[in-house]
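Chains as they are written, first to last, in the numbering used here: chain A, 1336 to 1395; chain B, 177 to 432.
A short worksheet on the structure shown next.
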Amino acid sequence: MPDGSKREMELDGVRIEDILRSLGVNPVEVIVAKNGKIVSEEEQASYADELKIVRIVHGG
Amino acid sequence: MLNQAERERYARQIRLFGEDGQEKLKKSSVFVAGAGGLGSVVSIYMAAAGFGRIRIVDCDSVELSNLNRQVLHGSDDVGRRKARSAEEMLQGINPEIDVDAIVGTIDEDSLDRLLQGCDLIMDAMDNFPTRYLLNRAALQRKIPLFHGAICGFQGQATTIIPGKSACLRCIFPRAPPAATFPALGSTCGVIGSVQVTEAVKYVLGSGELLTDRLMLWDGLNSCMDEVACVRDSSCRDCCNKYNVETNNMWNNVETE
Chain A
1336 MPDGSKREME LDGVRIEDIL RSLGVNPVEV IVAKNGKIVS EEEQASYADE
1386 LKIVRIVHGG
Chain B
177 MLNQAERERY ARQIRLFGED GQEKLKKSSV FVAGAGGLGS VVSIYMAAAG
227 FGRIRIVDCD SVELSNLNRQ VLHGSDDVGR RKARSAEEML QGINPEIDVD
277 AIVGTIDEDS LDRLLQGCDL IMDAMDNFPT RYLLNRAALQ RKIPLFHGAI
327 CGFQGQATTI IPGKSACLRC IFPRAPPAAT FPALGSTCGV IGSVQVTEAV
377 KYVLGSGELL TDRLMLWDGL NSCMDEVACV RDSSCRDCCN KYNVETNNMW
427 NNVETE
């Protein structure tokens, strides 16, 4: 999760965008790495996958 | 050739990468986009390291609320143009280099002119729309872009080598919502230092660049992490041959 916490979810072929929304995360504000690699939120994830939700920072 | 003062000034770097390496830095011209928190760290370390020519551009004036992180500027600079105080600070740190400090806005109309003669682009902006302009300009000119961004204790960095690595748009297909961001100077220090290290390595041809990887700094948990990125074959910035190679680099540009 963007705050550094971890969640375990029972998933089977769920779109990452839907996962984000179920967690209350706005997909526009984050990028998601599936098993260490950035993927589109159109991709699906299952129980065995590890997702890292990264909040995009934009300041300088 | 380095003069005697330069040999002394850069003695510890010459131990690291030799006079040849130092001369490569001296021959490099860098564009630093912004003289804020990241721009301060980036430009100060690049000046100290001996990058031969630094062009730094910012349109703002120094405010008191900038001073917690924007170490280019001091209390006496409040109200002055950031470009002016940046010029004085950088030239004071290293009179051997050329500093070209410009009061100006980085936009579609100005960027082509601002980048003339520059070999590297340092992203020290505070918004994604301008970062996308820098990304496209880097792709069009085939020069590297060193991305950095911060928010509070968090930061991110990546290196973009046109034609070889994922570009900024591949990694961030759309801009996050604009918002006033909290900022800690030391976070700028971490991320800006990574950007400069990358630029040094690029010029020297040393080490493993931060390409196709997004480095993530979580200062609150003292954790450095990275995620892999790949070129997006449908990326509208780097995989659209027409847009990248056309002379009209702003054709069909969408910055948001």
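By construction, the Cβ of each residue, glycine as well, lies at the ideal position given by its N, Cα and C atoms.
These numbers were taken from a predicted model, which means no experiment stands behind them.
Do you know how far the Cα of residue j is from the Cα of residue i?
i                       : j                       : result
residue 1390 of chain A : residue 1353 of chain A : 17 Å
residue 254 of chain B  : residue 340 of chain B  : 42 Å
residue 396 of chain B  : residue 328 of chain B  : 9 Å
residue 258 of chain B  : residue 386 of chain B  : 30 Å
residue 345 of chain B  : residue 409 of chain B  : 11 Å
residue 1363 of chain A : residue 413 of chain B  : 19 Å
residue 310 of chain B  : residue 263 of chain B  : 22 Å
residue 242 of chain B  : residue 213 of chain B  : 8 Å
residue 275 of chain B  : residue 267 of chain B  : 7 Å
residue 1349 of chain A : residue 411 of chain B  : 24 Å
residue 1341 of chain A : residue 1386 of chain A : 10 Å
residue 256 of chain B  : residue 235 of chain B  : 11 Å
residue 192 of chain B  : residue 249 of chain B  : 30 Å
residue 324 of chain B  : residue 200 of chain B  : 23 Å
residue 240 of chain B  : residue 1372 of chain A : 41 Å
residue 260 of chain B  : residue 233 of chain B  : 10 Å
residue 265 of chain B  : residue 283 of chain B  : 25 Å
If you count every other CB in all the chains shown that lies within 10 Å of the CB of residue i, and 16 or more means buried, which is it?
i                      : result
residue 400 of chain B : exposed
residue 334 of chain B : buried
residue 216 of chain B : buried
residue 316 of chain B : buried
residue 292 of chain B : exposed
residue 202 of chain B : buried
Specify, as a first and last residue, the run of the alpha helix (DSSP H) that residue i falls within.
i                       : result
residue 1374 of chain A : Premise fails: residue 1374 of chain A lies in the beta strand (DSSP E), 1372-1374, not in any alpha helix (DSSP H).
residue 377 of chain B  : 361-380
residue 182 of chain B  : 180-185
residue 267 of chain B  : 258-269
residue 304 of chain B  : 304-317
residue 1355 of chain A : 1351-1357
With a cut-off of 8 Å, does the C-beta of residue i fall near any C-beta of chain A?
i                      : result
residue 303 of chain B : yes
residue 345 of chain B : no
residue 366 of chain B : no
residue 397 of chain B : yes
residue 375 of chain B : no
residue 404 of chain B : yes
Excluding the 5 residues preceding and the 5 following residue i in the sequence, name in chain order all residues of the same chain whose CB lies nearer than 6 Å to its CB.
i                      : result
residue 402 of chain B : 389, 391
residue 361 of chain B : 244, 245
Please return the same chain residues whose Cβ sits closer than 7 Å to the Cβ of residue i, not counting the five positions on each side in sequence.
i                      : result
residue 347 of chain B : 334, 390, 405
residue 314 of chain B : 297, 320, 321, 336, 338
residue 218 of chain B : 208, 298, 300, 368, 371, 372
With a threshold of 8 Å between beta carbons, is residue i in contact with chain B?
i                       : result
residue 1364 of chain A : yes
residue 1348 of chain A : no
residue 1341 of chain A : no
residue 1368 of chain A : yes
residue 1392 of chain A : yes
residue 1359 of chain A : no
So, for residue i: in the same chain, excluding its five sequence neighbours on each side, which residues have a beta-carbon less than 8 Å away from its beta-carbon?
i                       : result
residue 1376 of chain A : 1350, 1351, 1352, 1355, 1362, 1367
residue 183 of chain B  : 190, 195
residue 1394 of chain A : none
At which residues does the beta strand (DSSP E) containing residue i begin and terminate?
i                      : result
residue 217 of chain B : No beta strand (DSSP E) holds residue 217 of chain B; the alpha helix (DSSP H) holding it covers 213-225.
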